[in-house]
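**Student:**
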Amino acid sequence: MHRGVLTCLRETPIQDVARQMSEQDVSALVVVNDEGHLIGLISRTDLVNARLYEQYWKHWRGLTAGHIMVTDVVSVHIGDSMQEASRLMMERRIHRVVVVEADGEGVRPIGVVSVTDVVRDIADED
Numbered sequence: 537m538h539r540g541v542l543t544c545l546r547e548t549p550i551q552d553v554a555r556q557m558s559e560q561d562v563s564a565l566v567v568v569n570d571e572g573h574l575i576g577l578i579s580r581t582d583l584v585n586a587r588l589y590e591q592y593w594k595h596w597r598g599l600t601a602g603h604i605m606v607t608d609v610v611s612v613h614i615g616d617s618m619q620e621a622s623r624l625m626m627e628r629r630i631h632r633v634v635v636v637e638a639d640g641e642g643v644r645p646i647g648v649v650s651v652t653d654v655v656r657d658i659a660d661e662d
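Using my numbering, you'd call the opening residue of the sequence shown number 537 and step up by one each time.
#1: Where Val634 and Gly647 are concerned, what is the direct C-alpha to C-alpha distance, given to the nearest angstrom?
#2: Who are the near neighbours of His573 in its chain, counting only those whose CB is closer than 7 Å to its CB and skipping five residues on each side?
#3: Say whether the segment 553-562 touches the segment 613-628, bearing in mind that this needs 3 or more beta-carbon pairs closer than 8 Å, one atom from each stretch.
#4: Going by other Cβ atoms of all chains shown within 10 Å of its Cβ, with 16 needed for buried, is Asp507 buried or exposed?
#5: Glu637 by DSSP, collapsed to three states: which one?
#6: What residue range is occupied by the uninterrupted alpha helix (DSSP H) comprising Leu542?
#7: Using three-state DSSP, classify Val649 as helix, strand or coil.
#8: What is the residue span of the alpha helix (DSSP H) that Ser622 lies within?
#9: Could you name the residues that DSSP lists as bridge partners for Val655?
#10: Quick check on the DSSP output: the alpha helix (DSSP H) that includes Ser558 runs from which residue to which?
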């Protein structure tokens, strides 16, 4: 699991999202609200898909993470197993799940488990 989640806000312009992904060499950012609660996920694939439809967007330069983020984010809790994370990734055909912990009326992202983490976990088994 990657601890220390890289996040952005709903209002973050997609150019800034792309820049942060590129500079940090990550394939997704977790979108949070002002309280730091999980509200979405935006991946490189979401950015590429948005670019495909650029000609149809009147205000391309005004697009934000909130416009193209996925809101049905698949997550696991800190105590869940790698097996559970793997099962969810396989069933939903996704590349990552967000690790969360309860925080008042929302959930706070604390990590991300990716397919790369699963492969590393398999490699480290004795």
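For glycine and all other residues, C-beta sits at the position ideal for the given N, C-alpha and C.
**Tutor:** Put simply:
#1: One C-alpha to the other measures close to 6 Å.
#2: Result list for His573: Asp639, Gly642, Val643, Arg644, in chain order.
#3: No contact exists between the segment 553-562 and the segment 613-628.
#4: Within the shown structure, residues of the chain are numbered from 537 to 662, placing residue 507 beyond reach of any answer.
#5: For Glu637, the secondary structure class from DSSP, reduced to helix, strand or coil, is strand.
#6: Careful: Leu542 lies outside any alpha helix (DSSP H) and carries neither H nor E.
#7: Of the three classes helix, strand and coil, the one that applies to Val649 here is strand, per DSSP.
#8: Its alpha helix (DSSP H) spans residues 618-628.
#9: According to DSSP, Val655 bridges with nothing at all.
#10: Looking at the DSSP string, the run of the alpha helix (DSSP H) that includes Ser558 is 550-560.
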